[in-house]
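**Student:**
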Amino acid sequence: DIQMTQSPSVLSASVGDRVTLSCKASQNINKNLDWYQQKLGEAPKLLIYFTNNLQTGIPSRFSGSGSGTDYTLTISSLQPEDVATYFCFQYNSGWTFGGGTKLELK
Amino acid sequence: EVQLVESGGGLVQPGRSMKLSCAASGFTFNNYDMAWVCQAPKKGLEWVATISYDGSSTYYRDSVKGRFTISRDNAKSTLYLQMDSLRSEDTATYYCARHEGLGGGLDYWGQGVMVTVSS
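Each protein sequence line maps, in turn, to chains Y and V. Numbering (the working numbering) for the first sequence: 1 to 106. Numbering (the working numbering) for the second sequence: 107 to 225.
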């Protein structure tokens, strides 16, 4: 089974900061990775699909990159409404979520 | 507009059964693989099960194999999760979600339904 490891588990940042979240797979997942945002009390929402494709309606400050085993989600300028937990998800072989990164305002 | 609406959750005793439903609308249901994902209180997301667009193939995480059954009724645009021999560790919010493409990521999610397994 493929394991997905997200880091850090908690990230504190200020409004306007550039923020980078990491996700590492235990083996090559061939860019078959999505990113989701989950706000408190809500269902997850798709942000990025297939590593670097912005889902319709998602602000352009969100972007994704990566290949092989290493992937990142970047928020170019953090906004208060971005406070949430972010999960990566691989679907290259079976389906596995990362443990999540909780993004807080400093 | 794509909508997924789960129902059927609640409180159930350990060892008993419960069946969740997910009513889909706003898209051609029988064109998409579907999934159930769970989230224990204050924990992360866990993929539970996936069913192919035509129901011919099903996949489960190890911890639910032999206890949970995913199924679908394409005529009713409804997804199901039959949960048997429930354990306290099955306590979670269960989300139904649509796979993007065949077995891809999850592009639309329901609002979730809570299942509490307790005596």
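Beta carbons: idealized from backbone N, C-alpha and C, even for Gly.
Would you check if the distance between the CB atom of R193 (chain V) and the CB atom of V223 (chain V) is smaller than 8 Å?
**Tutor:** For the purposes of this step, residue 193 (chain V) is taken as the residue at position 87 of the second sequence. For the purposes of this step, residue 223 (chain V) is taken as the residue at position 117 of the second sequence. Contact flag set, yes.
**Student:** Going by DSSP, name the residue or residues bridged to E112 (chain V).
**Tutor:** Taking the first residue of the second sequence as position 1, residue 112 (chain V) is located at position 6. In DSSP, E112 (chain V) forms a bridge with V:C128.
**Student:** Name the chain V residues whose beta carbon is nearer than 7 Å to that of Y91 (chain Y)?
**Tutor:** Taking the first sequence and counting its residues from 1, the one referred to as residue 91 (chain Y) is at position 91. Ordered by position in chain V, the residues that pass the 7 Å Cβ test against Y91 (chain Y) are G209, G210, G211.
**Student:** Which residue from V:G216, V:D168, V:E107 puts its Cα closest to that of A43 (chain Y)?
**Tutor:** Counting from one through the first sequence, the residue named residue 43 (chain Y) turns up at place 43. The shortest Cα separation from A43 (chain Y) among V:G216, V:D168, V:E107 belongs to V:G216.
**Student:** Three or more C-beta pairs under 8 Å: does that hold for the stretch 107 to 116 of chain V against the stretch 166 to 176 of chain V?
**Tutor:** At 8 Å Cβ cutoff, the stretches do not touch.
**Student:** Which residues of chain Y have a Cβ atom closer than 7 Å to the Cβ of E206 (chain V), listed in chain order?
**Tutor:** Here residue 206 (chain V) corresponds to residue number 100 of the second sequence, with the count starting at 1. Y49, listed in chain order.
**Student:** For A13 (chain Y) and chain V, any beta-carbon pair shorter than 8 Å?
**Tutor:** Along the first sequence, one-based indexing puts residue 13 (chain Y) at 13. Chain V, which has no Cβ nearer than 8 Å to the Cβ of A13 (chain Y), makes this no.
**Student:** DSSP state of D168 (chain V), grouped into three classes?
**Tutor:** Residue 168 (chain V) sits at position 62 when you count from the first residue of the second sequence. Three-state DSSP puts D168 (chain V) in a helix.
**Student:** Quick one: grab the DSSP three-state call for E195 (chain V).
**Tutor:** For the purposes of this step, residue 195 (chain V) is identified with residue 89 of the second sequence, where counting begins at 1. E195 (chain V) falls in the helix class under three-state DSSP.
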